[in-house]
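Chains as they are written, first to last, in this note's numbering: chain P, 1 to 287; chain W, 288 to 574; chain D, 575 to 893; chain S, 894 to 1212.
Input: a single structure, listed below in structure tokens.
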Amino acid sequence: MLQVGGELIASRRAGAYHHLTLVAPGVAELAAPGQFVALAVGGATSATLLRRCFSIHRVTPSGTYGGTVDVVVAARGAGTRWLTSLRVHDPVDVVGPLGRPFPLPTEPVPCVLVGGGYGSAPLFWLAEVLRERGCPVEMVLGAASEDRLFGVLQARRSADGVTVTTDDGSAGHRGWVSDVLGDVVDRLGAGVVYACGPMGMLRSVTEVASAHGAVAQVAVEESMACGIGVCMTCVLPVRGGDGVTRMVRSCVGGPVFRGDRVRWDAIGDGVTRVPEDALGAPHPGGH
Amino acid sequence: MLQVGGELIASRRAGAYHHLTLVAPGVAELAAPGQFVALAVGGATSATLLRRCFSIHRVTPSGTYGGTVDVVVAARGAGTRWLTSLRVHDPVDVVGPLGRPFPLPTEPVPCVLVGGGYGSAPLFWLAEVLRERGCPVEMVLGAASEDRLFGVLQARRSADGVTVTTDDGSAGHRGWVSDVLGDVVDRLGAGVVYACGPMGMLRSVTEVASAHGAVAQVAVEESMACGIGVCMTCVLPVRGGDGVTRMVRSCVGGPVFRGDRVRWDAIGDGVTRVPEDALGAPHPGGH
Amino acid sequence: MVDMRTVLAGTTLPNPVMTASGCAANGTELNRFFPVAELGAFVTKTVMRDPRSGRPTPRMAETPSGMLNSIGLQGPGIDAFCEHDLPWLEQQGARVVVSVAGNTAEEFGEVVQRLVGSPAWGCVVGVEANISCPNVANRGLVFACDPVSSERVVRIVRARVPAEVPVLAKLTPDVTDIVTIAGAALGAGADALTMVNTLLGIVIDTDLLRPRLAGVTGGLSGPAIRPVAVRAIWQVTAAMRSGTLPTAPVVGVGGVRTGTDALELVAAGASAVQVGTATFNDPSAPRRVLTELEAEAARHGVERFADLVGIAHERMVRP
Amino acid sequence: MVDMRTVLAGTTLPNPVMTASGCAANGTELNRFFPVAELGAFVTKTVMRDPRSGRPTPRMAETPSGMLNSIGLQGPGIDAFCEHDLPWLEQQGARVVVSVAGNTAEEFGEVVQRLVGSPAWGCVVGVEANISCPNVANRGLVFACDPVSSERVVRIVRARVPAEVPVLAKLTPDVTDIVTIAGAALGAGADALTMVNTLLGIVIDTDLLRPRLAGVTGGLSGPAIRPVAVRAIWQVTAAMRSGTLPTAPVVGVGGVRTGTDALELVAAGASAVQVGTATFNDPSAPRRVLTELEAEAARHGVERFADLVGIAHERMVRP
Ligand SMILES: Cc1cc2nc3c(=O)[nH]c(=O)nc-3n(C[C@H](O)[C@H](O)[C@H](O)COP(=O)(O)OP(=O)(O)OC[C@H]3O[C@@H](n4cnc5c(N)ncnc54)[C@H](O)[C@@H]3O)c2cc1C
Ligand SMILES: Cc1cc2nc3c(=O)[nH]c(=O)nc-3n(C[C@H](O)[C@H](O)[C@H](O)COP(=O)(O)OP(=O)(O)OC[C@H]3O[C@@H](n4cnc5c(N)ncnc54)[C@H](O)[C@@H]3O)c2cc1C
Ligand SMILES: Cc1cc2nc3c(=O)[nH]c(=O)nc-3n(C[C@H](O)[C@H](O)[C@H](O)COP(=O)(O)O)c2cc1C
Ligand SMILES: Cc1cc2nc3c(=O)[nH]c(=O)nc-3n(C[C@H](O)[C@H](O)[C@H](O)COP(=O)(O)O)c2cc1C
Ligand code: FES
Ligand code: FES
């Protein structure tokens, strides 16, 4: 885990997103698929103090500029708008790589990789690593509409098969990734489903994977203030190996969790509740 | 007085300063020497809310880009550092022209223009306007050191004579502008001394001018939060035509005042006190 | 088109956006940027009985996303105000909320008495008692820090203002329990509450190693304090909703720079919103905030602005 | 080289920069960015008697130059803390200030009792009583909002901590008169005061039109609140200088991001400084602030850091 003064060396539109390449020497060398970087935003006079976190799309450990890190950014609020309006050669402070990467299977089992929106960003690199290990890989990419799909062409290179869904039917199947996932898992005999995207999608992916005999490994996206494990803002309830549910920091305990360990019953409507049976949960008559 | 979304079209070093040219259509057309502009700083994510004020160095009412305004900026704090690190074509929000300009003599009397540091910035344009009206013009430029002088070459074009002083003797006479001012006023038989620079200098200029029979018109630099007259932060004690001292807003009542009207006795050590005889001054046992 | 009208204790305003006292002088300056009559109301700089020079300078310091000020209520005094400022505002067709203060509770009364006698009184749609200022009779303690002083001032002001014109009490957030102070003001007859005034702060000049303001302490304002303003509005309107406090409109102020900022205060319970420090950044801010707030109301699909007031209390997620 | 040592009620620290409780977890995470033993002291996340899950999420919202948090004191409980966290910090050679809290005054005592019995107790250079948390026995009112509750907690904590280890009382700025609370804490035996904890705030989500935090209110921190922290430190140390309060060291906290920010708190009267929210922006912030503060001290030509403590009180301009 490093903090480096990086530099933007490429910025291009990719559908609804911006694909940024940052020089961040050292970060690239240490990273594995599923990890993320935390970028400072707003420059020297910034009122936006908190870092913004982005999945690492891919890395180039060395090269003309030293190691580079690619991220795919959806411009939403103040920080992402600032990042996407940067010009080449602007400085960007980078902390990373952060979090636990996708765990890789020890055997060459078939895998399905599911990405929702920009959630597909970390999956291509993962696909390559899996295929290097001999795992057959298929991808399922979904989004609200065609412009919100990221990397469909890349997917065709990185995976043995690609299925696309959009909510509005503007590309691929009309519907959700979970509508098609079961068939893909069955067809491939997949042992692992990796997924990254919105919480609702991760929940359905977990359900479908379980129902079809696969393990789900999901990368969650919780609101993070620090990204390095010191603030406790990014927690979600996860059942441990001992069966006990704890409020786990998704920046250091995740962002990748086994889907069946996440307490989806506590998550919804933009709020994550503390399950009553969680360790240290408030109980009537005091905490 | 306008608020316009301007654009930086040139930025260059000038000794210790940065000389910026901004497109600000409409502002240039309305401005007169001694007025200033208030620039927003820090961009969309800025924590620095207050505008920064700068004397208008010169204007080009029309041209390829529409009207432009030039300012000379000393990079000191967060806002001026931001301004001086902008790149050409960056947007800059401009409010101006603000304040009362230098009053021009109705007769073609000789004038001396005194600038301390970047305080010389508004004087070249003033010199040109005065000479158009037939006034003989000499300039006295002073600064701590040579790199902090602004526009010595320009001065030689704009004025009939130029005297330079530096505290450390790195250019011109070693010493202060007030050391040489009396002689220049006498030699020229000047009726008006215009001055812009630090408060201490404006005070001595006023004293020297009075002692040598000239009227001083000084452009003060008070800390300003709004620049447009609504916040009351920029006041200083000024004796009115009726002999009453009031705490006058320097952004709308100034920045140019008759030197002998300013209550220098209340100003010093970085603080401006309220003279006991000022209108509404606090009195013992209540306000 | 959303119906942007808002009701302030009997008085209906065409829209809920106002200037904040002391951040817009008395109108002539901002009128060059937009017609001040377009605002729901124009709130004047706090006026006292006598002319006041205010404090020494420096009077201000920039702070992260805010500023500190110590103007010391510089102003012309109520007579000059009634002679020059109020008639000008009336001429523009502005609806005016006059902010008043006194060194003592009695002085508030004197100011109001002269104000009510002004020929331009007709344009006044509210009197805002700035009780967030020092009470000379009580060791300089701010009136609004003490329920008893707050009550005394409001009672005197309410007694002198004709019944059809609402009295607003402006509260400071620098108290342990703002609900108690709000209760005291309402109990004394305040028709509405303006919340919040600035927070007490100090900035040290790290070159000179002394306080940056000549007056040492100053009032902290700007976006930096918005979460405190929203919290104060929430607490007081929650107490009204639960019946702990009598119901009255709240005018929100603190850190509003955009229409969404204004919407935060409104959703927390404010029936109207004042724009202060943001005006120094953008002289058109009050007018722009109105346009943006209108767009926000339209985006949320409400027919009436009033439907948004306090809506966050209803939409709260219960864990 | 400036002598950066500072004395905290008998304990001498090699330098005056600390982490702020809850902004640095318990050390392992930051130790990857710099050796936590290099700080004057490491302040741990407030620990309570039992393990706590903390609040639902969202637990945070960014605000202009700051943030709002409502973690709800999530933590492992004092036993796990003594078993895992404290020994690790001791191993690193860190000087540790342990922040403690309880739902009741008695619970504070239990926590301290177990802490003092920890085999790693030797590395503890101070116990910080986080009295800015809710008192279950008093309708959830924050202890530090009430002088009587503050006094009770501090008395219990002081009684259980061995005399040679200082007890710090951490105060909230959300009170009408912080000098009174400071007086109560000192009267009850606090050896030093930590000022300030977060300000109570609310942010509304303007898309969902409901509070952004699941817990509705949260604590406001970051540079936005620095002028409030400086003011609180100033008021309390001014009262000490004038003899109204007994003299005791103040540990400053609130909005420190750089060495000059730290110097502001120091010049206002703080003998040591904690770095909180800035750590989220820059994981090396506490260590960097130390380097920068050292450079500031050198720039001002002092031989000892201690010469800067409270210096602004002496340099104040009298109008
Ligand atoms: C592990 C991880 C990986 C991510 N990968 C990507 C990615 O590859 N591409 C992408 O576009 N986005 C990604 N996100 C989401 C991205 O971090 C947020 O969209 C972004 O922080 C929002 O910043 P803003 O300035 O637009 O929004 P603002 O609303 O201004 O953000 C305010 C604060 O809230 C936090 N925040 C707000 N929304 C989110 C969110 N959804 N997740 C985390 N923090 C949030 C911000 O970090 C910031 O601290 C990822 C988030 C996490 C946690
Ligand atoms: C009428 C007028 C004309 C000026 N002309 C010039 C000029 O031509 N060139 C130039 O370099 N500077 C000029 N100044 C000074 C310039 O405004 C300040 O140097 C600048 O505002 C400081 O901003 P900062 O971000 O560097 O400092 P910061 O310390 O970050 O400023 C913080 C706040 O204090 C105010 N402030 C600080 N110092 C001053 C000051 N000296 N005067 C006014 N406000 C201040 C700023 O506007 C801002 O609101 C002028 C000031 C005035 C009032
Ligand atoms: C320079 C300045 C002067 C102010 N003067 C007054 C005043 O005279 N009377 C008053 O009630 N409030 C005064 N205030 C407080 C504002 O009206 C407002 O309550 C506060 O600034 C918070 O709002 P804001 O964050 O939008 O500025 C003043 C604020 C500033 C910044
Ligand atoms: C995420 C977060 C968690 C915090 N947790 C605690 C805590 O457990 N105990 C405590 O005394 N203060 C806690 N605080 C308050 C800080 O210690 C500090 O007093 C406050 O944030 C102001 O300092 P800052 O502006 O440097 O952050 C917390 C602050 C934040 C932002
Ligand atoms: S984001 Fe701070 S602990 Fe995870
Ligand atoms: S700068 Fe605001 S009144 Fe002059």
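Virtual Cβ for every residue (Gly too), placed ideally from N, Cα, C.
Tell me, please, which residues DSSP counts as bridged to residue i.
| i | result |
| --- | --- |
| Ser-673/D | Glu-702/D |
| Arg-300/W | His-305/W |
| Tyr-118/P | Tyr-118/P pairs with nothing; no bridge assigned. |
| Asn-1028/S | Leu-1034/S |
| Phe-616/D | Val-670/D |
| Ile-267/P | Thr-272/P |
Out of the options, state which residue places its alpha-carbon closest to the alpha-carbon of residue i.
| i | options | result |
| --- | --- | --- |
| Cys-226/P | Ala-211/P, His-18/P and Val-37/P | Val-37/P |
| Thr-453/W | Gly-364/W, Leu-373/W and Val-427/W | Val-427/W |
| Thr-84/P | His-173/P, Tyr-17/P, Val-180/P and Gly-34/P | Tyr-17/P |
| Ala-1117/S | Arg-1180/S, Gly-1169/S, Arg-1192/S and Ser-1042/S | Gly-1169/S |
| Asn-589/D | Ala-886/D, Ala-869/D and Lys-619/D | Ala-869/D |
| Val-358/W | Thr-308/W, Pro-542/W and Ser-497/W | Thr-308/W |
| Arg-1124/S | Gly-1136/S, Val-1143/S and Gly-1112/S | Val-1143/S |
| Arg-550/W | Cys-340/W, Gly-516/W, Val-517/W and Val-505/W | Val-505/W |
| Arg-461/W | Ala-431/W, Ala-446/W and Gly-402/W | Ala-431/W |
| Thr-593/D | Arg-786/D, Leu-882/D, Asp-881/D and Gly-828/D | Gly-828/D |
Apply the 10 Å Cβ neighbour rule to residue i and answer buried if 16 or more other Cβ atoms are within range, or exposed otherwise.
| i | result |
| --- | --- |
| Glu-1157/S | buried |
| Thr-106/P | exposed |
| Val-522/W | buried |
| Leu-923/S | buried |
| Ala-40/P | buried |
| His-570/W | exposed |
| Gly-285/P | Low local confidence applies: a pLDDT of 48 at Gly-285/P is under 50, so the model's placement there is unreliable, with the coordinate-based value given in what follows. By the 10 Å Cβ count, Gly-285/P comes out exposed. |
| Glu-1057/S | exposed |
Residue i CB to nearest chain W CB: under 8 Å?
| i | result |
| --- | --- |
| Val-92/P | no |
| Gly-640/D | yes |
| Asn-719/D | Sequence check: residue 719/D is Cys here, not Asn. For Cys-719/D, the answer is no, since every Cβ of chain W falls outside 8 Å of its Cβ. |
| Ala-561/D | Outside the modelled stretch of chain D, which goes from 575 to 893, sits residue 561/D, for which no answer is possible. |
Can we count residue i as close to ligand 4, meaning its CB is less than 7 Å from some heavy atom?
| i | result |
| --- | --- |
| Ile-1118/S | yes |
| Cys-1038/S | no |
| Leu-966/S | yes |
| Val-1046/S | no |
Please check if any C-beta of chain S sits within less than 8 Å of the C-beta of residue i.
| i | result |
| --- | --- |
| Arg-579/D | no |
| Gln-35/P | no |
Does any C-beta atom of chain P lie closer than 8 Å to the C-beta of residue i?
| i | result |
| --- | --- |
| Ala-512/W | no |
| Gly-386/W | no |
Counting only beta-carbon separations shorter than 8 Å, does residue i have a partner in chain D?
| i | result |
| --- | --- |
| Thr-1091/S | no |
| Gln-504/W | no |
| Cys-518/W | yes |
| Thr-921/S | no |
Closer than 7 Å to a non-hydrogen atom of ligand 2 - does that hold for the CB of residue i?
| i | result |
| --- | --- |
| Ser-204/P | no |
| Gly-364/W | yes |
| Pro-542/W | yes |
When every heavy atom of ligand 1 is checked, does at least one fall within less than 7 Å of the C-beta of residue i?
| i | result |
| --- | --- |
| Glu-221/P | yes |
**Message:** Please output, in chain order, the residues near ligand 7 using a CB cut-off of less than 6 Å to any non-hydrogen atom of the ligand.
**Reply:** For the structure depicted, ligand 7 is absent and the ligand set comprises only ligand 1, ligand 2, ligand 3, ligand 4, ligand 5 and ligand 6.
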